[in-house]
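Written below as structure tokens is the structure these notes are about.
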Amino acid sequence: PWPAQTPTLLAWVKQHEPDLYAATGTALLCKYFIAFCLTGEQVSDVSDMSGCGLVRMPEGVYDAELLALYGIEDAQAKLPRLLDSADIAGTVTASAAEETGLAEGTPVIAGYFDVV
Numbered sequence: 041p042w043p044a045q046t047p048t049l050l051a052w053v054k055q056h057e058p059d060l061y062a063a064t065g066t067a068l069l070c071k072y073f074i075a076f077c078l079t080g081e082q083v084s085d086v087s088d089m090s091g092c093g094l095v096r097m098p099e100g101v102y103d104a105e106l107l108a109l110y111g112i113e114d115a116q117a118k119l120p121r122l123l124d125s126a127d128i129a130g131t132v133t134a135s136a137a138e139e140t141g142l143a144e145g146t147p148v149i150a151g152y153f154d155v156v
């Protein structure tokens, strides 16, 4: 992984900003933060998290051994629920619809690796 990927960032924050690390709820990539704002769901696509070096394939689950190698074995609770790329992450909430003009209930898919 490169320095801006999730495990590297979490490891850095844990080492250098332990209070911030402890206060971190869920670590989301940019597009999943947008999905969260639209749907209220904290999710990620397996392809993104496997690209970050956090997922054991082909099972498609977070890998505790990889997390331990980064020194962030406790981070699994800070990682979003995993979905497949074409899965529906959620639907546009009433408040997001009001703010964006999107129709309430519009499905939002998880998306594919590195796509905004």
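Position one of the sequence shown corresponds to residue 41 (the working numbering), numbered consecutively onward. Even glycine gets a Cβ: it sits at the ideal position worked out from N, Cα and C.
Name the DSSP beta bridge partners of residue 102, please? Walking along the sequence shown from the start, residue 102 turns up at place 62. Partner(s): 95.
Tell me the residue span of the beta strand (DSSP E) that contains residue 131. Counting from one through the sequence shown, the residue named residue 131 turns up at place 91. Residue 131 -> beta strand (DSSP E) spans 128-131.
Count Cβ pairs between the segment 72-80 and the segment 43-58 that sit closer than 8 Å; are there 3 or more? no
Among residues of its own chain, excluding the 5 on either side of residue 136, which ones have a beta-carbon nearer than 6 Å to its beta-carbon? On the sequence shown, position 96 is the one that residue 136 refers to. Contacts found: 78.
Minimum C-alpha distance to residue 113 - residue among 98, 94, 122 and 129: Residue mapping note: residue 113 aligns to position 73 of the sequence shown, counting from 1. It is 94.
Of the residues 60, 125, 58 and 96, the one placed nearest residue 84, counting alpha carbons only: Taking the sequence shown and counting its residues from 1, one reaches residue 84 at position 44. Nearest C-alpha to residue 84: 125.
Three-state secondary structure (DSSP) of residue 114: Residue 114 sits at position 74 when you count from the first residue of the sequence shown. Three-state DSSP puts residue 114 in a helix.
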